[in-house]
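The end of the sequence shown is residue 881 by the numbering used here, with every number in the run present.
For each residue, glycine too, the CB sits at the ideal point set by N, CA and C.
Structure, as structure tokens:
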Amino acid sequence: MSLVRKRLSGSRKRRLLVVTSNNMTSLLESYQQQYSTLTADITHLIGKITLSHGVEKQGHVRQVEKLFDEASELLEQMDLEVKEQPSKDRQKYQTRVRSYKTELSKLQTDVRRAKLGLDSKDDCMLDDHHDAEDQRTRLLENTERLERSGRKLDHGYHTAVETEQIGSAILENLHSQRQTINRSRGRVDEMNTALGKSSRLLTGMMKRIIHNRIMLVVIGLIMVISICVALYLIVRRSS
């Protein structure tokens with residue numbers, strides 16, 4: 643039973659894929675029919691634009707511009723649908739959509755020519771006009787690009803100069819700090835030398851003080867002994 647169910651489910655999936663693919667194909671065919679109708683209407687209006695003048699011509703131009711917008715939206719929808727097609731059919735439909743886009747671009751050129759009142763003999767003049775406009779546009783873009791590059795270079799130069807000035811100020815500050823440290827170190831060395839001399843002087847003075855005190859004690863003892871001996875001799879003579 644499980645094998646039968648699996649086979650049934652597999653067959654259902656295949657049928658669903660076939661139905662989905664058929665629906666997508668029928669949708670693309672519907673889009674192609676709509677596109678053919680739109681291009682036929684556009685071609686018809688181009689002939690009217692060529693033969694009409696004034697307000698009537700402007701009305702035909704507005705109508706054909708609306709048809710071009712609808713055709714462009716339709717081609718976008720066809721692009722989306724082609725991406726969903728199976729891989730074996732995708733290349734065929736992509737080629738077809740590209741040919742539609744080329745055809746639509748040619749029709750747009752025909753409309754521009756009809757609006758200017760040009761015939762097939764004036765194609766070269768129209769192409770030369772478009773080429774001149776393209777060259778002018780490219781020259782303007784290149785000029786703007788060069789101006790932006792020049793501004794960027796000026797900004798970079800100013801930044802480099804400011805950085806150099808900041809670096810020079812930092813180096814000068816470090817140099818002055820180094821000189822200050824060296825002077826402080828020299829003063830510390832002088833103070834150490836002076837302290838050494840003072841320490842030696844104090845040591846000498848302490849030695850002299852101690853020596854003098856010892857001398858005073860010795861002299862005092864001698865005087866006391868002398869007085870005692872003198873008193874003893876005096877007492878002994880008197881007795």
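From what residue to what residue does the alpha helix (DSSP H) around serine 694 run? Per DSSP, serine 694 belongs to no alpha helix (DSSP H) and is neither H nor E.
Exposure of aspartate 752, with buried meaning 16 or more beta-carbon neighbours within 10 Å: By the 10 Å Cβ count, aspartate 752 comes out buried.
For glutamine 727, which three-state DSSP category applies? coil
Can you tell me the Cα-Cα spacing of valine 860 and leucine 875, whole angstroms? 22 Å
Would you mind sorting alanine 872 into buried or exposed? The rule is 16 or more other CB atoms within 10 Å of its CB. exposed
How is glycine 759 classed by DSSP in three states: helix, strand or coil? Assignment of glycine 759 by DSSP, reduced to helix, strand and coil, places it in the coil class.
Look up serine 663 in the DSSP assignment and say whether it is helix, strand or coil. Unreliable positioning characterises serine 663 in this predicted model, as indicated by a pLDDT of 48, which lies under 50. The coordinate reading is nonetheless provided below. Of the three classes helix, strand and coil, the one that applies to serine 663 here is helix, per DSSP.
Label glutamine 807 either buried or exposed according to how many other C-beta atoms from any shown protein chain fall within 10 Å of its C-beta, with 16 as the threshold for buried. exposed
Candidates Ser668, Arg855 and Gln736, of which the one nearest leucine 717 by Cα: Gln736
Option nearest glycine 689 by Cα separation, candidates Gly759, Gly846 and Ala802: Gly759
Do you know offhand how far serine 868's Cα is from isoleucine 851's? 25 Å
What's the gap between the Cα of leucine 837 and the Cα of glycine 862? 37 Å
Can you check which of these residues, Ser678, Ser668, Gly828 and Gly792, is closest to leucine 709 by C-alpha distance? Ser678
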